[in-house]
Structures are given as C-alpha cells and as structure tokens.
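Here is the structure we will look at.
There are 2 protein chains.
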Amino acid sequence: MAKPKTEEFTPDEIYLSDVAKALSHPARLRIMKILTEMNVCMCGEIVDLLPLAQATVSQHLKELKRVGLIQGDIDGPKVCYCVNPGNLIKAKTEMEKIFSHLTKKGAISCKTKKK
Amino acid sequence: MAKPKTEEFTPDEIYLSDVAKALSHPARLRIMKILTEMNVCMCGEIVDLLPLAQATVSQHLKELKRVGLIQGDIDGPKVCYCVNPGNLIKAKTEMEKIFSHLTKKGAISCKTKKK
DNA sequence: TTGTTTTATCGTATATTTGCGATGAACGAT
DNA sequence: ATCGTTCATCGCAAATATACGATAAAACAA
Numbered sequence: 003m004a005k006p007k008t009e010e011f012t013p014d015e016i017y018l019s020d021v022a023k024a025l026s027h028p029a030r031l032r033i034m035k036i037l038t039e040m041n042v043c044m045c046g047e048i049v050d051l052l053p054l055a056q057a058t059v060s061q062h063l064k065e066l067k068r069v070g071l072i073q074g075d076i077d078g079p080k081v082c083y084c085v086n087p088g089n090l091i092k093a094k095t096e097m098e099k100i101f102s103h104l105t106k107k108g109a110i111s112c113k114t115k116k117k
Numbered sequence: 003m004a005k006p007k008t009e010e011f012t013p014d015e016i017y018l019s020d021v022a023k024a025l026s027h028p029a030r031l032r033i034m035k036i037l038t039e040m041n042v043c044m045c046g047e048i049v050d051l052l053p054l055a056q057a058t059v060s061q062h063l064k065e066l067k068r069v070g071l072i073q074g075d076i077d078g079p080k081v082c083y084c085v086n087p088g089n090l091i092k093a094k095t096e097m098e099k100i101f102s103h104l105t106k107k108g109a110i111s112c113k114t115k116k117k
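Read top to bottom, the protein sequences are chains A and B. Numbers in the working numbering are just positions in the first sequence, counted from 1, shifted up by 2. Numbers in the working numbering are just positions in the second sequence, counted from 1, shifted up by 2.
Laid out in structure tokens, this is it:
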C-alpha cells in the first residue's frame, strides 16, 4: 500500500516531516527565500520569479500555507504573501533538534568503532 | 507533466530540497534520531524500532544514504549504520540559511504593512 | 453592466513515493 | 556443502506529487 502509515508515529515526528516536505521542492525553497528577503510580496511577483506556470505556483503557495510557514492576505484583487514569523521560528527550533545531538558530542563513525 | 523541473533551479536549491525530501518522512526522521542518539546501530535494530517491514526500512535507509546523511558499513552478514558527521553539519548549515533572514530583522507581516 | 486583472481551483496526464511479499546475495556456523 | 541469519533488491499495487491549460471567482475600472 502506498499510504504513509502516519498513525504509527508521534505528533512531533509528523509535524517535522510535514515541514520538511513543504521545503522539499526547489520552487518552495525559492518562495521562502523571496518572502524572507522582501518581507512581503504579491502573488504575481512570485510567479514572475519562478520558471513555472501560475497554476503551479499557486499550488506551491498552498502547500506552504498548509503547514503554516507563510500566510496570504487578500488585498483587492491581489494577494499579499508573507512569512508567518511564529510558525517559522517553531519550525526552525524543531528542525535544529534533529541535528543537536550530533554537535554536542564528537561523532563516532562506524569505522572508528569497528573492532 | 509530473517530473519536477529541477533544471530550472540552482544547485543550492536542489541540494537543500533534496535534504528536506530525505527528512520528509516520519520513519526517516526517527532513523536519524536513533542514529544520532546511539551513534551506531545495526540495520536489524532499526527495523525493530520502526512499525514497518524490513524491505520498507531498507528503502528509507537507502534514501538517507542517497543524500549522504548516513552511511552503512558491512560487518559480516550485518550492516552497521551511522550518521555522516560532515554531511550532516553541511545540511544543518544550509538549512539554517533559510531561516536566517527572518531572525535578523523584525518580521513584517502583511497586515502590519497594510496601508 | 462590461471588461480587465489577479488568483484559486478543477481536471487531467505523468512521475514519484510508499509499502510489502518474495527473492537473491553475502556471510558465519555447523 | 548446507543451513540460518541478515540485508538489499525486484516487482507489484496504491497513494501522492508535479505540472499546466482551462475555468471560476473576486475585485476594480470604464
């Protein structure tokens, strides 16, 4: 079966894997970069900065909104996108936990431990 | 078409989206956690710690190996897995760049900027 | 109202991911 | 050589993801 067995994992694991999934496409990474650099950006501008069709960019924006990394506010016929600061900091904190153990103690590779 | 248009993006964007993709499944996150906590772990032990079949776990290990986050050394009939410290630090550094702009300056949301 | 601009959603095609049973390959032990 | 253990790979089925044209919805302008 192809459906991921998310029921078997902890909420923390599911949340973080969801954030990672949202960042797992170069277009969405570029959108995050644009929004953090410009603070605020109209949807149309984002479309112009990506090598993808408008419908595809809209889908990527939806995925980033789904996990809460960005938000979009309606401004007349346009939509003004920006990063969601609180959620981004939460994601950053959680993401760093994955790497934290490693930097605390000197890493032991398989080979150095080999008898 | 379903194939991601990776040709249109920078090597940096592709590398980081690849790392994020490797971390975008709860099972692979748990594997990373296990390996950073235990330093070294036999494949069979990892299988026992996950609610998935051996063949599926092997696939997840392969994906983590593909992006270089872990490595596996053959030890008789068993395989000894561990984190790849250098690559993990590189991934950590690159990942932090996404969030760096935000923390440098006070974030401006759409609504605060709204005229 | 009519037309224009802007964006989201629908429908569809194709590629990739996920999951697992079955099988194969490598090794140690008997 | 044969057996059991350990793990990767193959082959398949089902679910997701990616991409885009077409269309709908919302707002503004004329």
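Every residue, glycine too, gets a C-beta built ideally from N, C-alpha and C. The model shown is predicted, which means the values in this text are computed figures rather than measured ones.
With 16 other CB atoms within 10 Å as the buried threshold, where does residue i fall?
i, result
"I76(B)", "exposed"
"T102(A)", "Rather than Thr, the amino acid found at residue 102(A) in this sequence is Ser. With fewer than 16 other Cβ atoms within 10 Å, it is exposed."
"T38(A)", "buried"
"K116(B)", "Its pLDDT being 41, under 50, K116(B) is placed unreliably in this model, and the coordinates cannot settle the point."
"D68(B)", "Note that residue 68(B) is Arg in the sequence shown here, rather than Asp. Its Cβ having fewer than 16 others within 10 Å, R68(B) is exposed."
"P28(B)", "buried"
"A57(A)", "exposed"
"M97(A)", "buried"
Is there a Cβ of chain A sitting closer than 9 Å to that of residue i, yes or no?
i, result
"P53(B)", "yes"
"P79(B)", "no"
"A22(B)", "yes"
"Y19(B)", "First, the residue type needs correcting, since residue 19(B) is Ser and not Tyr in the sequence shown. So, interface residue."
"L25(B)", "yes"
Kindly identify the DSSP beta-bridge partner or partners of residue i.
i, result
"K80(A)", "D77(A)"
"I36(A)", "According to DSSP, which records beta bridges pairwise, I36(A) is partnered with nothing at all."
"I72(B)", "V85(B)"
"C43(B)", "Y83(B)"
To the nearest angstrom, how far is it from the Cα of residue i to the Cα of residue j?
i, j, result
"K64(B)", "N86(B)", "14 Å"
"C45(A)", "E15(A)", "31 Å"
Is the shortest distance between the beta-carbon of residue i and the beta-carbons of chain B less than 9 Å?
i, result
"I120(A)", "Residue 120(A) is absent from the model: chain A starts at 3 and stops at 117."
"K115(A)", "Confidence is the limiting factor: at K115(A) the pLDDT is only 45, short of 50, which leaves the residue's position unreliable, though a coordinate-based value still follows. Cβ-Cβ to chain B under 9 Å: yes for K115(A)."
"R30(A)", "yes"
"L66(A)", "no"
"S102(A)", "yes"
Is the beta carbon of residue i less than 9 Å from the beta carbon of residue j?
i, j, result
"L66(A)", "M34(A)", "yes"
"V42(A)", "L52(A)", "no"
"G74(A)", "V81(A)", "yes"
Taking 8 Å as the line, does the beta carbon of residue i fall inside it for any heavy atom of the ligand COA?
i, result
"Y17(B)", "This structure does not include the ligand COA; it has no bound ligands of any sort."
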